[in-house]
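Here's the structure we're looking at; comments come further down.
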Amino acid sequence: MPARPCGPYRPSGTTARSTAIHRRALPLLLIPLSGCSGIQSALDPAGDEAAAIYTLFLVMVAGGALIWLAVVGLLLHAARRREAPWSEKTAGRLIAWGGVAFPVAVLLALLAYAVWLMPAIRPWLAHSAPAARPIEVTGEQFWWRIRYPAAEGMPAFETANELRLPVGARAVFALKAQDVIHSFWIPALGGKMDMIPGRTNTLSLLPTRAGVFRAPCAEFCGASHTLMAFSVVVMEPEDYAAWRRAQAGGNPATGSEGERLFAGHGCAGCHGIRGLTETASLGPDLTFFGQRQTVGAGTLANTAENVARFIRNPDKVKPGAKMPAFDMLPDGDIAAMADYLVGLK
Amino acid sequence: MRLIPKEIESLWTLFTAPTIWALHFLACYITAAVTCAKAGAVPFSFDTMRLALGLITLAALAGIVLSAVLAWRQWGFGSGDPPHDEPTRKDRLLFQGFATLLLSGLSFVAVLFVAMPLVFIGACQP
Amino acid sequence: MTGAAEPELSTQERKAQEAELRAVWRTPSGWRYWTSVNNTEIGLWYGAAAFLFMLFAGVLALLVRVQLAVPDNDFLSADTFNQAFTLHGTVMMFLFAVPIFEAVAIFLLPSMLGARELPFPRLSAFGFWSFALGGVFVCGSIFFGAAPNAGWFMYPPLATDKEYSGIGADIWLLGLSFIEVASIAAAVELIVGIMKCRAPGMRINMMPLFAWYLLIVAGMILFAFPPLIAGDILFEMERMFDWPFFDTARGGDPLLWQHLFWIFGHPEVYIIFLPAIALMAMIVPTFSQRPIVGYSWIVLAAVGTGFLSFGLWVHHMFTTGLPQISLAFFSAASEAVAIPTGVQIFVFIATMLAGRVIFSVPMLFGAGGLAIFIIGGLTGVMVALVPFDWQAHDTYFIVAHLHYVLIGGMLFPVVAGIYYYYPLLDARKLSDRLGKIAFWLMFSGFNIAFFPMHLSGLRGMPRRVFTYPADIGWDWFNLVSTIGAFIFAAGVAIVVIDVVRPKHRQPKVEENPWNAGTLEWISEPEEKWGVRSIPIIRSRYPIWDQPGLIEDIKAGRFYLPDVKDGARETLVTSVLDAEPIQCLRVGGTSILTILAAFSLGGVFIALTFHWWIVTIVCALVTLAAIIAWLWTGTAVIPRQEMRDVGLGKSLPLYTSGPQSVGWWAMFITMAGDGTAYASLMFGYFFYWTIHDDFTGGHAGPGMLWPLLAAGLFTLAWLAMLLARRFNDGDRPAATRLSLLAALLLTLAAGGAGLAGPYLTGMDPTAHVYPAIVWVVALWTVVHGGVGIVMQLYCLARSLTGRMDARHDMDLVNVVLYWHFLVITAVTSFGVLGLFPGLR
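Protein chains in written order, with our numbering: chain A, 22 to 366; chain B, 12 to 137; chain C, 44 to 882.
Okay, structure coming up:
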């Protein structure tokens with residue numbers, strides 16, 4: 022398969038390849054609805070649930086457009102003065118057939134389709150074969166804590182703001198919230214599920230195409246709701262396995278200047294870097310930070326300048342962020358730390 | 012005294028069928044919600060619940076059909092066509108009968124709609 | 044023809060009658076103008092205020108659109124943006140969409156039904172002043188940067204987080220509770236008005252469709268708003284006193300708020316939509332020049348929608364992780380509600396097909412609105428399907444959908460209504476030319492603004508984002524939307540200009556300029572009496588079908604052409620066949636209503652700032668004002684029992700029980716009150732379902748005290764029944780003794796009710812179980828307290844000779860209240876005492 026031309030960037034470490042997902046021929050009208058509609062689009066499915074919903078949507082759009090044209094056409098026709106108005110009886114029949122019989126039949130069929138679809142795209146894993154242990158994702162103002170479970174002899178580990186999944190395997194998520202309600206949504210893979218304090222919601226998704234996608238928080242969660250997103254990297258199984266193995270080791274100490282400052286200025290009090298510090302977990306884990314697409318949970322591209330900007334005054338980049346400003350530090354220190362973090366690959 | 016009076020002199024009969032819909036809806040929602048929330052504690056299975064709600068659905072449909080038959084009778088078994096706009100008590104009764112019949116029809120369909128998930132969904136999955 | 048047996052009056056006598064009528068119904072001048080309670084003034088003020096709030100919220104929307112026009116914009120800060128969209132939604136919903144229909148209804152209904160006034164004009168005035176004060180309070184907050192900023196849905200725990208939401212959340216909760224009170228007051232007024240104050244002969248199959256719709260809508264308000272009030276109480280208790288209803292650490296759950304909010308919130312959509320469609324149901328027949336085809340179908344649709352709309356609320360919660368089976372029930376009901384909606388559209392089309400359509404500005408707005416609304420309806424069918432909603436929920440697709448529904452289904456018909464009914468206000472028409480320009484600007488601007496949002500939403504743009512990155516595929520859509528929003532706003536501005544531009548030079552139009560068939564077109568803008576005389580109705584379109592009707596009404600040839608005792612009077616008729624049963628004297632101009640509204644507003648505003656003493660003072664003033672209002676204005680014993688209303692008919696001036704409007708008002712109010720109570724009990728059982736042990740290990744109130752309270756409340760109720768019986772038997776001493784006994788029993792009952800949780804040391808801040816027990820107990824005891832005030836009131840009425848065996852309205856209504864109270868008390872204390880042991 023040729024590489025898909027869509028998507029503004031492609032991460033290192035993933036093979037740019039698109040698996041076969043069935044694309045139907047679209048009427049001309051629908052072209053703006055599909056194709057290269059971005060990394061956060063429900064109209065460019067890369068998962069089994071998103072594809073099923075996309076098909077449902079196309080069916081409804083086509084039907085809806087026809088119904089609208091018919092009804093508005095009738096309305097315009099009715100507005101014209103005619104020589105012979107309809108009799109009351111004929112007009113009454115129009116109400117019975119057009120206003121009742123037809124909608125009842127269409128809605129019944131549509132409802133059956135959708136209700137049948139629900140358990141089909143979100144099967145209950147507790148009833149099927151022993152399910153994979155869930156990846157735990159916790160929404161916090163305004164970032165995502167991600168905990169991978171132990172698997173196949175590899176230990177559990179924590180990361181933040183970037184989710185990596187193997188293509189073709191159903192991933193299960195246990196969704197929680199730390200403070201207020203957030204909502205977990207990867208438009209390219211499937212629908213959303215709220216993260217509600219005090220509850221654990223379960224969601225499973227089946228990615229069908231490798232690529233990098235963006236996932237926003239979909240429930241208004243405060244000042245920086247807008248700036249709360251994570252990246253999803255769907256990888257070929259072998260790439261994923263390699264990445265998964267590497268996680269266990271973390272980023273051992275290299276003795277660089279930035280690393281020393283990171284510990285010295287107390288960053289490690291909140292942020293964990295496996296292999297370097299005892300894992301603190303107040304703020305986002307920063308292990309392999311350099312691999313991530315963004316800094317600040319989807320706020321800025323992951324460059325050393327942006328990391329420095331964030332460290333200097335997080336609240337300016339991201340109103341309401343809990344991390345204090347470090348603008349009292351010399352610019353050189355901040356730059357060194359930024360370089361260090363971006364270098365954690 | 013007849014059990015069901017021939018002519019019902021009340022505005023409220025209009026609401027019989029939709030009220031049955033509402034009760035059926037609540038029965039479905041509350042039963043399912045409690046069954047799933049208390050999955051460990053309730054002494055019956057999900058399938059038993061589906062069956063019970065199926066029976067309740069049949070009862071609700073029967074109630075709505077009864078309301079429809081009464082309304083049909085009040086409407087003179089379809090003899091008095093709309094618009095029922097004469098200033099007489101008779102037309103007022105015909106209007107009530109016809110409107111009640113229409114509402115029974117809508118409620119019947121709505122109960123069927125609400126019962127449909129019982130066919131397709133077989134577990135408490137979120 | 045009149046059927047009048049009496050001799051015709053001379054011109055001079057007629058003029059004298061008219062002068063008297065005019066004097067009685069006169070609107071005061073000077074500052075006292077604002078004390079008027081006449082439905083035409085209240086309706087006009089209500090409408091104007093709602094429209095101003097709409098323009099304000101519209102400006103907020105434009106600010107939001109400017110901010111989103113280009114990516115990474117910093118025109119508004121995140122916090123200002125959050126305040127702006129929260130206030131935009133809140134104001135449009137609570138201060139425009141619902142009140143505008145109350146305004147139209149209060150303005151139009153009396154004349155449409157052939158009545159002089161609605162049965163409780165002072166209640167309308169009270170509602171208006173509450174609304175205006177609450178609205179200014181809520182809107183004003185943004186100028187102090189203190190507006191609510193957690194979204195119009197106010198989900199906890201974000202909205203309960205004081206650090207984030209400041210006093211904005213309190214302003215939302217208290218300001219809107221206050222406005223909800225006004226809405227419920229209007230609902231009571233409208234239901235009683237439509238059921239009991241129709242012109243003689245206007246049987247239920249003769250009612251104008253507008254009245255049918257309004258009857259259903261008012262009923263919906265009665266069952267939809269109270270759950271929100273119950274939710275507001277829980278919410279405010281958490282914010283003010285730290286009772287943890289939504290705090291998961293102490294057993295609470297944020298989802299309870301979502302349930303209560305949307306049990307209100309979804310019917311709300313239909314509460315907004317149905318009255319607008321009701322306007323269409325008046326406009327379409329007029330411009331088709333024929334009666335509506337499918338009158339019964341419209342009734343079916345209105346009633347059906349009214350019921351089904353209460354089975355939809357969870358479709359706002361499809362992504363909260365509820366079991367699929369629950370979601371599917373609500374999805375099914377949401378699909379079903381599309382059926383009655385479709386029926387209405389086809390009724391209009393059928394009526395147009397069976398008539399000869401005269402195209403005019405109202406029809407233009409009506410038809411354009413329908414074309415827009417149908418798209419909103421179709422996308423509604425889409426998002427009501429659970430799988431599609433999993434994707435579309437909380438994206439711009441929903442923003443597009445809801446604006447297509449509300450602007451197409453509500454704003455366009457309302458503008459159509461303004462163009463249609465403006466001659467009733469000013470005896471002049473609005474400009475056809477400006478109307479057409481406004482329509483095309485609004486129609487095209489609307490579609491340019493909102494259609495692209497379907498696409499940006501599905502391309503993943505979430506709602507309530509204050510900006511967005513450039514490379515994500517939404518730039519063009521947003522820019523186009525912003526341009527469209529300004530075109531749309533230009534159209535709205537032209538409507539405003541058309542309405543406010545001076546028109547003295549424009550010639551007056553003849554009466555009933557559109558040749559409509561319904562009664563509201565007989566009213567004259569200069570006269571405040573509503574109808575000159577109350578006609579006998581024999582048709583759905585009396586002006587078309589009853590020749591000479593207008594002349595006969597104006598010549599005073601029907602009921603109540605004259606004035607007696609200087610009172611404002613209207614007829615009360617029976618529910619089904621509209622047979623005259625009473626001549627009702629309604630309240631006139633009064634300062635008490637404004638006083639009551641402003642002091643009640645003082646209570647809510649003082650609570651926001653925790654000024655406890657001001658709160659108490661204002662509460663006492665409110666109570667005093669309401670009692671003074673009732674004492675002087677209701678259940679007044681007339682000088683004569685009977686009143687000659689004309690046409691050889693004599694009617695009683697005083698009735699009680701189901702014959703009277705007061706009884707109905709009490710019944711309806713208590714139905715709403717019972718709904719709020721049921722919502723609290725829903726909360727109690729909700730906590731039971733979500734926890735394995737919902738008491739969280741906390742001690743309950745025990746069995747003894749709650750059961751004692753239930754028993755004492757029952758005894759108090761029996762004593763009230765006894766009092767009514769003694770009063771019927773004309774034994775005033777025994778009546779008073781029974782009332783006194785009931786009063787003491789109520790006091791004891793209230794004490795016992797609170798003793799349960801108090802003596803067992805239940806701490807409402809410790810866990811949600813003690814908190815919900817306290818709330819249920821307090822709710823019941825406070826109602827007992829109101830019962831005591833009523834008992835005292837009856838005692839005072841009896842002692843001052845204002846209540847006797849024949850004139851027993853006060854006592855009968857209070858006993859009706861007690862029927863509801865005893866049900867509440869037995870349920871509350873039965874559940875509190877017994878349920879923890881049963882489960």
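A virtual CB, placed ideally from N, CA and C, is assigned to each residue, including glycine. Note that this is a predicted model, so its numbers are computed, not measured.
Selection of the stretch 220 to 236 of chain A by Cβ proximity to chain B, strictly under 7 Å
N222, T223
Please report the straight-line C-alpha distance between C/W822 and C/I368, rounded to a whole angstrom.
Answer to the nearest angstrom: the Cα atoms are 34 Å apart.
Among residues of its own chain, excluding the 5 on either side of A/K339, which ones have a beta-carbon nearer than 6 Å to its beta-carbon?
S245, L248, G317, T320
If I follow the unbroken beta strand (DSSP E) through A/S225, where does it start and stop?
222 to 226
Between which two residues does the alpha helix (DSSP H) containing A/E280 stretch?
278 to 285
Distance, C/T329 Cα to C/F353 Cα:
32 Å
Distance, Cα to Cα, A/S204 vs C/I515?
20 Å
How would you call C/A776, buried or exposed, if buried means at least 16 neighbouring beta carbons within 10 angstroms?
exposed
Out of C/D213, C/T54, C/L758, point me to the one whose CA is closest to C/I195's CA.
Correcting the residue type first, residue 195 of chain C is Trp in the shown sequence and not Ile. In terms of CA proximity to C/W195, C/D213 leads the group C/D213, C/T54, C/L758.
Please compile the residues from chain C whose C-beta is within a distance smaller than 7 Å of the C-beta of A/W9.
With chain A running from 22 to 366 in the structure shown, residue 9 of chain A is simply not present.
Please classify C/S167: is it buried, with 16 or more other beta-carbons within 10 angstroms of its beta-carbon, or exposed?
Buried: at least 16 other Cβ atoms inside 10 Å.
Taking Cβ-Cβ distances below 9 Å as the criterion, which residues of the stretch 62 to 80 of chain B are in contact with chain A?
none
Find out if the Cβ-Cβ distance for the pair C/N82, C/P162 is shorter than 8 Å.
no
Unbroken beta strand (DSSP E) run spanning C/L694, endpoints
692 to 695
Where does C/I222 sit, in a helix, a strand or coil, going by DSSP?
Residue state, collapsed to three classes: helix.
Identify every residue that forms a DSSP beta bridge with C/T438.
C/P505
Tell me, please, whether the stretch 598 to 608 of chain C touches the stretch 684 to 693 of chain C by the rule of three or more beta-carbon pairs shorter than 8 Å.
yes
Exposure of C/W519, with buried meaning 16 or more beta-carbon neighbours within 10 Å
Exposed: under 16 other Cβ atoms inside 10 Å.
Straight-line CA distance for C/K607 to C/E63?
Approximately 9 Å, taken between the alpha carbons.
Can you tell me whether A/R44 is buried or exposed, with buried defined as 16 or more other CB within 10 angstroms of its CB?
With a pLDDT of 38 at A/R44, under the threshold of 50, the predicted position of this residue should be treated as unreliable, and no value is reported.
In terms of residues, what are the limits of the beta strand (DSSP E) holding C/G541?
According to the sequence provided, residue 541 of chain C is Asp. The question's Gly does not apply to it. Not the beta strand (DSSP E): C/D541 falls in the alpha helix (DSSP H), residues 518 to 543.
Is the CB-CB distance between B/D96 and C/R583 below 8 Å?
yes
Going by DSSP, what residues sit across from A/S252 in a beta bridge?
A/E183, A/R235
In angstroms, rounded to a whole number, what distance separates the CA positions of C/A121 and C/A189?
Going from the Cα of C/A121 to the Cα of C/A189 covers about 14 Å.
Would you mind giving the Cβ-Cβ distance between B/I31 and B/I75, rounded to the nearest angstrom? I have them listed as a contact below 8 Å.
Rounded, the Cβ-Cβ distance is 5 Å, consistent with contact.
Is the number of C-beta pairs between the stretch 452 to 463 of chain C and the stretch 392 to 401 of chain C that are closer than 8 Å three or more?
Contact between the stretch 452 to 463 of chain C and the stretch 392 to 401 of chain C is not established, with fewer than three Cβ pairs separated by less than 8 Å.
Quick one: Cα of A/M214 to Cα of A/A67, how far?
18 Å
Tell me which residue opens and which closes the beta strand (DSSP E) that C/V679 is part of.
Counting along the chain, C/V679 falls outside any beta strand (DSSP E), and DSSP gives it neither H nor E.
Taking the alpha carbon of C/F652 as the point to measure from, which residue in C/A273, C/P243, C/R282 has its own alpha carbon closest?
The residue from C/A273, C/P243, C/R282 with its alpha-carbon nearest to that of C/F652 is C/R282.
Could you list which residues in chain A have their beta carbon closer than 8 Å to that of B/F131, in chain order?
A133, V136, W137, M139, P140
Looking at the unbroken beta strand (DSSP E) that takes in C/T362, where does it start and where does it end?
It is not in any beta strand (DSSP E) - C/T362 carries neither H nor E in the DSSP assignment.
Would you kindly work out how many angstroms separate the C-alpha atoms of C/S642 and C/T78, rounded to a whole number?
Distance between the alpha carbons of C/S642 and C/T78: 15 Å.
Helix, strand or coil for C/E281, going by three-state DSSP, please let me know.
helix
Proximity below 8 Å, CB of C/F389 to CB of A/G120:
yes
Within 8 Å, do at least three Cβ pairs link the stretch 196 to 211 of chain C to the stretch 704 to 715 of chain C?
no
If contacts are defined as beta-carbon pairs under 8 Å, then A/Q61 and C/R502 qualify, I think. What distance do you get, rounded to the angstrom?
7 Å
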